[in-house]
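Everything in the first sequence is counted per our numbering, starting at 231 for the first residue and increasing by one.
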Amino acid sequence: MTSDFFSHMQKRGLIAQVNDAEALIEALRKPHDNKSEAFPGVYCGFDPTAKSLTLGHLVPLLGLRRAQDHGMRPIILFGGATGLIGDPTGRTDMRPMSTKEDITRYIENFSNLVRRYFRFDVPNTPIFVNNLDWIGPMSWLDFAREIGVHFTVAKLLSADVNKSRLEHGLTFMEMGYQLLQSYDFLELSRKHNCILQTGGNDQWSNLLGGTDLIRRVEHKQAFCFTQPLIVDSQGRKLGKTSGNAVWLDSSTTSPYDFYQYLRNLSDETVEQTFRQLTFVSLAEIRELCAPTANPNAAKERLAWEVTALVHGKEEADKAVAAAHALFGGGGDLSSAPRVQLGKGEVESGVDIVTLLAKVGISPSKGEARRLVQGNGLLINNEKCSDVGYKLRMQDFAQECGGMLIRKGKKDYTIVELV
RNA sequence: GGGAAGAUGCCGGAGUGGUCAAUCGGAGCAGACUGUAAAUCUGCCGCCUUAGGGCUACGUAGGUUCAAAUCCUACUCUUCCCA
């Protein structure tokens, strides 16, 4: 059944570039002993550059899960070592260096986030590794002699990713990044029978570095493919809202906001996102996204499916209920985003502008003022265009258990008194 | 090591003594239209403000001047050319 993996990924639009498709299909066809270490391994690395993972990381994560479902062993690598260096790919300047303590903390959070996407009740359970474990103890000299010797500087410089960086200052540290990632693949190939590496489309040259290294050192063929970056109809990277990333972590992006983000995707993006971010069958997706079908029904389903994967069915249902309540009128508001305000504030006659800034609905008073002046604010579904409006206790006595603030068309917040 | 150029707001990129909180484009926010979509059009887009103004900003630190993003000095960083 591993043999179906590749075509499954292709049909879902999850493969951008492959190094050797035919040989990979052939390798996956090879029967193996289900009880031993012999599951062919597939790995993808995640560098701890931020405290949480984003929507964009969901593609490779689910890709590993799809591999698991097809009888491969998923290997999730955390870049404890590579995170200290920073991948120069696609960047015009160096990443700010994180501290070692930050990276340790991030990795802890990553491993908590990631577990839910895999199965542990099967023989091919996932493996979690940290590349600091093998890169950390290695001396520079050993590394240079064992790994560095297989890379020429000309080759590294010819990579487009490095070329563009050359003008802006590429450091020695960062140029070593590809070597580290290549070494990871070699190590996993030796230890865990890992035959395949996946990554984002921008990772192509890093992935090839690994397959090259394995061929040179082990005289074995290894495989890699990249996955398309998920983008919207304008080709913008998916997963940013209001300039902020959409995180997989419920404490940074609430399940409601997560749901809303997907619910608001543009029409053209829905079918592709459906294939890439859900396990819904292709036949059903076709039906949902047919030209005659209701695009809003498709979006609701898509948003629910992905939210359920990331936050669980219960949270997804709550997000739907909240959305229906806010947009459809009536229904259950209990899951809408909430913020709290001290009673004393209202008693002392706080005005609307101060309140918006205080609870974080607007980042500053000036912006709150502009919002109100621009007719963009509704209090309990009534337009409020009076900048000096003073809140009263009865404003907070709505059914939802507080005051319903609507900013613009679809940004709802309940302010409750404590 | 020597020489040249450069560092501006979230990003790109104008500005070269006052009229600069800084042209323009992108991103973002809001309004109209709509389907919680796209496209389009309109307004906003440093912070505070009792709306008169105040404060902080043009790599960092000093200086010249009534007045500096703009001139001078030192420093930091980057790019290019030569070695």
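Glycine is no exception: its CB is placed at the ideal position from the N, C-alpha and C atoms.
Can you tell me whether residue i is buried or exposed? The criterion is at least 16 other CB atoms within 10 Å of its CB, across all chains shown.
{"i": "residue 387", "result": "exposed"}
{"i": "residue 237", "result": "exposed"}
{"i": "residue 605", "result": "exposed"}
{"i": "residue 477", "result": "buried"}
{"i": "residue 636", "result": "buried"}
{"i": "residue 534", "result": "buried"}
{"i": "residue 367", "result": "exposed"}
{"i": "residue 618", "result": "exposed"}
{"i": "residue 370", "result": "exposed"}
{"i": "residue 616", "result": "exposed"}
{"i": "residue 401", "result": "exposed"}
{"i": "residue 512", "result": "exposed"}
{"i": "residue 479", "result": "buried"}
{"i": "residue 329", "result": "exposed"}
{"i": "residue 594", "result": "exposed"}
{"i": "residue 449", "result": "exposed"}
{"i": "residue 481", "result": "exposed"}
{"i": "residue 374", "result": "exposed"}
{"i": "residue 239", "result": "buried"}
{"i": "residue 632", "result": "buried"}
{"i": "residue 361", "result": "buried"}
{"i": "residue 429", "result": "buried"}
{"i": "residue 526", "result": "exposed"}
{"i": "residue 379", "result": "exposed"}
{"i": "residue 566", "result": "buried"}
Opposite residue i in the DSSP bridges: which residues?
{"i": "residue 254", "result": "DSSP output for residue 254 lists no bridge partner at all."}
{"i": "residue 627", "result": "Partner(s): none; residue 627 has no beta bridge."}
{"i": "residue 330", "result": "For residue 330, which the question treats as bridged, DSSP gives no partner whatsoever."}
{"i": "residue 359", "result": "307"}
{"i": "residue 642", "result": "636"}
{"i": "residue 272", "result": "304 and 426"}
{"i": "residue 456", "result": "247 and 429"}
{"i": "residue 570", "result": "646"}
{"i": "residue 608", "result": "613 and 636"}
Within the same chain, show all residues whose beta-carbon is closer than 7 Å to that of residue i, passing over the 5 residues directly before and after it, in chain order.
{"i": "residue 589", "result": "569, 571 and 645"}
{"i": "residue 404", "result": "315, 316, 318 and 324"}
{"i": "residue 246", "result": "431, 456, 457 and 458"}
{"i": "residue 574", "result": "none"}
{"i": "residue 502", "result": "243"}
{"i": "residue 515", "result": "501, 504 and 505"}
{"i": "residue 531", "result": "518"}
{"i": "residue 340", "result": "276, 278, 283 and 308"}
Quick one, which of the options has its alpha-carbon nearest residue i's?
{"i": "residue 643", "options": "600, 557, 338 and 247", "result": "557"}
{"i": "residue 232", "options": "522, 303, 290 and 242", "result": "303"}
{"i": "residue 459", "options": "252, 291 and 597", "result": "291"}
{"i": "residue 248", "options": "402, 499, 510 and 427", "result": "427"}
{"i": "residue 289", "options": "564, 508 and 640", "result": "508"}
{"i": "residue 363", "options": "421, 287, 616 and 425", "result": "421"}
{"i": "residue 297", "options": "352, 287 and 235", "result": "235"}
{"i": "residue 286", "options": "475, 551 and 504", "result": "475"}
{"i": "residue 629", "options": "497, 563 and 329", "result": "563"}
{"i": "residue 417", "options": "269, 523, 443 and 482", "result": "443"}
{"i": "residue 483", "options": "357, 520, 549 and 424", "result": "549"}
{"i": "residue 486", "options": "613, 365 and 552", "result": "552"}
{"i": "residue 626", "options": "532, 598 and 647", "result": "647"}
{"i": "residue 521", "options": "354, 497, 640 and 537", "result": "497"}
{"i": "residue 260", "options": "283, 301 and 294", "result": "301"}
{"i": "residue 294", "options": "354, 312, 361 and 313", "result": "354"}
{"i": "residue 433", "options": "425, 446 and 408", "result": "408"}
{"i": "residue 282", "options": "538, 446 and 338", "result": "338"}
{"i": "residue 419", "options": "441, 429, 634 and 256", "result": "441"}
{"i": "residue 377", "options": "565, 241, 406 and 624", "result": "406"}
{"i": "residue 331", "options": "600, 313 and 447", "result": "313"}
{"i": "residue 554", "options": "640, 598, 599 and 357", "result": "640"}
Considering only residues of the same chain and omitting the five flanking positions on each side of residue i, which have a CB-CB separation below 6 Å?
{"i": "residue 359", "result": "307"}
{"i": "residue 608", "result": "636"}
{"i": "residue 493", "result": "529 and 533"}
{"i": "residue 336", "result": "278 and 281"}
By Cβ distance, which residues of its chain are closer than 8 Å to residue i, with the 5 residues on each side in sequence left out?
{"i": "residue 423", "result": "267, 268, 269, 270, 271 and 303"}
{"i": "residue 620", "result": "579, 580, 581 and 582"}
{"i": "residue 438", "result": "249 and 454"}
{"i": "residue 537", "result": "485, 488, 489, 492, 545, 546 and 549"}
Report whether the distance from the Cβ of residue i to the nearest heavy atom of the ligand FAD is below 8 Å.
{"i": "residue 534", "result": "Of ligands this structure carries none, so the ligand FAD is not represented either."}
Discussion item. So, does the stretch 338-352 touch the stretch 410-430, judging by three or more C-beta pairs under 8 Å?
Written reply: Short answer: they don't touch.
Worksheet item: Is the stretch 537-554 close to the stretch 571-583, with three or more CB pairs under 8 Å?
Response: In the pairwise beta carbon analysis, the stretch 537-554 is classified as not touching the stretch 571-583: fewer than three pairs are separated by under 8 Å.
Worksheet entry | At least 3 beta-carbon pairs within less than 8 Å: the stretch 304-312 vs the stretch 271-281 | With contact defined as three or more Cβ pairs closer than 8 Å, the stretch 304-312 and the stretch 271-281 are in contact.
Practice prompt. Inspect the CB distances between the stretch 278-285 and the stretch 374-385 and report whether three or more fall short of 8 Å.
Written response: By the criterion of at least three beta-carbon pairs nearer than 8 Å, the stretch 278-285 is not in contact with the stretch 374-385.
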